[in-house]
Amino acid sequence: MITKSSLKIGIIGAGKVGSALAQSLRMSGYQVSGIASHTSDSASKLAILVGAYVQSLDQITLQCNLIFIATNDDSVTQVVQNAKWNANHMVVHMSGSLSLEVLNDAKNMGSSIASLHPIQTFVGQDSSFVDVYFGLDTSSEILRDLLKNIVSELGGKVIDVSSADRALYHASAVMSCGYITAVLNDALATWVSANLDYEDGMQALVRLATSTIRNIEKIGFSESLTGPIKRNDKTSVKKHISTLQARSPHLLDVYCSVGKRMVSLVYKDRPDENHEWAQLFNLNSERKI
Ligand SMILES: NC(=O)c1ccc[n+]([C@@H]2O[C@H](COP(=O)([O-])OP(=O)(O)OC[C@H]3O[C@@H](n4cnc5c(N)ncnc54)[C@H](OP(=O)(O)O)[C@@H]3O)[C@@H](O)[C@H]2O)c1
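In case it helps, my numbering puts the sequence shown at residues -5 to 283.
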């Protein structure tokens, strides 16, 4: 049985996720012993915050038994290849896109390995994992139990994600974060092309988007749908399309392609309506090209 006091935690990569993790672990009473990073500057800032030592890769593997790799994805392989792993190590990477196999060098040296990906966006300020889901992949029961306990103490929840399902799992997370951001950015560009103020648009549209997300959470997708497609109001949508064509043709593509996705949500049980709407969007996105 691994106890909290027997854990010596090392974090490699003092960036956004590494910093959030180190601080949350510290606040939950875990001992974060060592921080290693690309530059000593970011490592020492984080080490001071959590009462840890700045360490080299060799020192971390010598002194720590639970090691989180929170570097950028491209550096994970290099870190894994350069470290001296042994059977006392439990090695965990935090990437959503990388599979468990990237840690095979450590596994071959006897270490237990896992990937633990927080389904959250970290931009450098929010250090909380409360209510955050984590995608976990590991074949070690001991490490699975340990990571589940740790995540639960941080206030989060673990779901198991197999290597085979990982790419789709990560694609869904990317759509829920970056894609939403891109669509909102285009909504704001459309607002600005109506000669309206950017800051007003930020306030108005982010508020609208936030209330939509809250509705989805409370009452589900179907009940949250509003607007002209839901009301079957083709005249309004034709007006949007013709005005976008005239004044902001570069935004027509996203308007039509996301519109088609909304149609399939609203009219999934009404194939005739679905077809008519799809034709309206297809015709217009082709005309633009
Ligand atoms: N950000 C997110 O929203 C998010 C969400 C979920 C999962 N993740 C995953 O979490 C991991 C870290 O992402 P991040 O956003 O925290 O990245 P980040 O802010 O860019 O931080 C990466 C850190 O890795 C350090 N680093 C780079 N190469 C290194 C090496 N060879 N040895 C030691 N340290 C090295 C960098 O050091 P210096 O600062 O010293 O240059 C930097 O602090 C990635 O796998 C990412 O996919 C990120």
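Cβ coordinates follow ideal geometry from the N, Cα and C atoms, glycine included.
Owing to the predicted nature of the structure, the values given are computational and were not obtained by experimental measurement.
### Query
Whose C-alpha, out of Ala8, Leu162, Gly23, Ser22, is nearest the C-alpha of Ala41?
Sequence index remark: in the sequence shown, residue 41 carries index 47 (1-based). For the residues Ala8, Leu162, Gly23, Ser22, the minimum Cα distance to Ala41 belongs to Ala8.
### Query
If you draw a straight line from the C-alpha of Gly118 to the C-alpha of Ala198, how long is it?
The count along the sequence shown starts at 1 and reaches residue 118 at position 124. The count along the sequence shown starts at 1 and reaches residue 198 at position 204. Their backbone Cα atoms lie some 25 angstroms apart in a straight line.
### Per DSSP, cross-strand counterpart(s) of Met84
Position 90 of the sequence shown, counted from the start, is the residue given in the question as residue 84. Paired residues: Leu60, Ser106.
### Contact check, Ser31 vs Asp67, beta carbons under 8 angstroms
Mapped onto the sequence shown, residue 31 falls at position 37. Mapped onto the sequence shown, residue 67 falls at position 73. Contact: no.
### Per-residue burial, Ala77 [other beta carbons within 10 Å of its own, 16 or more giving buried]
Here residue 77 is taken as the residue at index 83 of the sequence shown, counted from 1. Counting C-beta atoms within 10 angstroms of its own C-beta, Ala77 has 16 or more neighbours from the protein chains shown and is therefore classed as buried.
### Query
If you draw a straight line from the alpha carbon of Leu148 to that of Val44, how long is it in whole angstroms?
Working through the sequence shown from its first residue, we reach residue 148 at position 154. Working through the sequence shown from its first residue, we reach residue 44 at position 50. Going from the Cα of Leu148 to the Cα of Val44 covers about 15 angstroms.
### Task
Can you grab the Cα-Cα spacing for the pair Phe128 / Val168, in whole Å?
What you label residue 128 is simply residue 134 of the sequence shown in a count that begins at 1. What you label residue 168 is simply residue 174 of the sequence shown in a count that begins at 1. About 14 angstroms.
### Message
Shorter than 7 angstroms, the distance from the beta carbon of Ala284 to the closest heavy atom of ligand 1, or not?
### Response
Any property of residue 284 remains undetermined from this structure, which presents the chain solely from -5 to 283.
### Query
Between Gln53 and ligand 1, is the CB less than 7 angstroms from at least one heavy atom?
Position 59 of the sequence shown holds residue 53. Distances taken from the Cβ of Gln53 to the heavy atoms of ligand 1 include none shorter than 7 angstroms.
### Message
So, for Lys232: in the same chain, excluding its five sequence neighbours on each side, which residues have a beta-carbon less than 8 angstroms away from its beta-carbon?
### Response
To locate residue 232, count along the sequence shown from 1; it is residue 238. If we look at Lys232 and ignore the five residues flanking it on each side, its Cβ neighbours are Leu274.
### Message
Assess contact between the region 12 to 24 and the region 133 to 150, defined as three or more Cβ pairs (one per stretch) separated by less than 8 angstroms. Is contact present?
### Response
Cβ pair count under 8 angstroms is three or more, so yes.
#### Entry: Buried or exposed by the 16-neighbour rule on C-beta atoms within 10 Å, applied to Ser166
Within the sequence shown, the letter at position 172 stands for residue 166. Label assigned to Ser166: exposed.
### Task
Below 8 angstroms CB to CB, which residues in the same chain sit around Leu19 once its five sequence neighbours on both sides are set aside?
Residue numbering aside, residue 19 sits at position 25 when the sequence shown is read from its first letter. Result list for Leu19: Ile3, Val26, Val44, Ile144, Leu148, in chain order.
### Query
Val177: which of Val252, Leu137, Thr204 sits nearest, CA to CA?
Locating residue 177 in the sequence shown gives position 183, where the first residue counts as 1. Nearest C-alpha to Val177 among Val252, Leu137, Thr204: Val252.
### Message
Is the separation between the beta-carbon of Tyr163 and that of Val155 shorter than 8 angstroms?
### Response
In the sequence shown, residue 163 corresponds to position 169, counting from 1. In the sequence shown, residue 155 corresponds to position 161, counting from 1. Yes, they are a contact pair.
### Three-way DSSP call (helix, strand, coil) for Pro112 in this model
Counted from its first residue, the sequence shown places residue 112 at position 118. Residue state, collapsed to three classes: strand.
### Task
Measure the CB-CB distance between Thr307 and Val96 and report whether it falls below 8 angstroms.
Here the chain comprises residues numbered -5 to 283, so residue 307 is not present and cannot be evaluated.
### Query
Closest by CA to Ala16, which one among Ser157, Ile61, Met(-5), Leu56?
Within the sequence shown, residue 16 is the residue found at index 22, counting from 1. Selected option, being the one with the closest Cα: Ile61.
### Task
Could you spell out the range, first to last residue, of the beta strand (DSSP E) harbouring Ile29?
Position 35 of the sequence shown, counted from the start, is the residue given in the question as residue 29. Start and end: 26 to 30.
### Message
For Phe128, list the residues DSSP reports as bridge partners.
### Response
Translated into the one-based positions of the sequence shown, residue 128 becomes position 134. Bridge partners of Phe128: Pro112, Val152.
### Task
Using only the heavy atoms of ligand 1, determine whether one of them is closer than 7 angstroms to the beta carbon of Lys10.
Position 16 of the sequence shown holds residue 10. Yes, the Cβ of Lys10 comes within 7 angstroms of a heavy atom of ligand 1.
### Message
Under 7 angstroms: does the beta carbon of Phe116 sit that close to some heavy atom of ligand 1?
### Response
Sequence index remark: in the sequence shown, residue 116 carries index 122 (1-based). True, at least one ligand heavy atom lies under 7 angstroms from that Cβ.
#### Entry: DSSP bridge partner residues for Val48 (one or two, in chain order)
For this step, residue 48 is matched to residue 54 along the sequence shown. Paired residues: Ile29.
### Query
By how many angstroms is the C-alpha of Pro243 removed from the C-alpha of Ser38?
Along the sequence shown, one-based indexing puts residue 38 at 44. Along the sequence shown, one-based indexing puts residue 243 at 249. Going by the C-alpha atoms only, they are around 49 angstroms apart.
### Nonlocal neighbours in the same chain, by C-beta distance under 6 angstroms from Ser36, ignoring five residues either side
Position 42 of the sequence shown holds residue 36. Closer than 6 angstroms at Cβ, skipping near neighbours: Ala8.
### Query
With distances taken between CB atoms, is the gap from Tyr249 to Leu238 smaller than 8 angstroms?
Residue 249 sits at position 255 when you count from the first residue of the sequence shown. Residue 238 sits at position 244 when you count from the first residue of the sequence shown. By the CB criterion at 8 angstroms, Tyr249 and Leu238 fall inside the cutoff.
### Task
Measure the CB-CB distance between Leu140 and Ile6 and report whether it falls below 8 angstroms.
One-based indexing of the sequence shown puts residue 140 at position 146. One-based indexing of the sequence shown puts residue 6 at position 12. No, these two residues do not count as a Cβ contact at 8 angstroms.
### Query
Can Gly195 be considered in contact with ligand 1, in the sense that its beta carbon sits closer than 7 angstroms to one or more heavy atoms?
Indexing the sequence shown from 1 puts residue 195 at position 201. Checking every heavy atom of ligand 1 against the Cβ of Gly195, none is found closer than 7 angstroms.
### Query
Excluding sequence positions up to five away, which residues of its chain have a Cβ less than 7 angstroms from the Cβ of Gly195?
What you label residue 195 is simply residue 201 of the sequence shown in a count that begins at 1. Leu182, Trp185, Val186, listed in sequence order.
### Message
Does the distance between the C-beta of Ile61 and the nearest non-hydrogen atom of ligand 1 fall short of 7 angstroms?
### Response
Along the sequence shown, read from residue 1 onward, the residue named residue 61 stands at position 67. Not under cutoff, so the answer is no.
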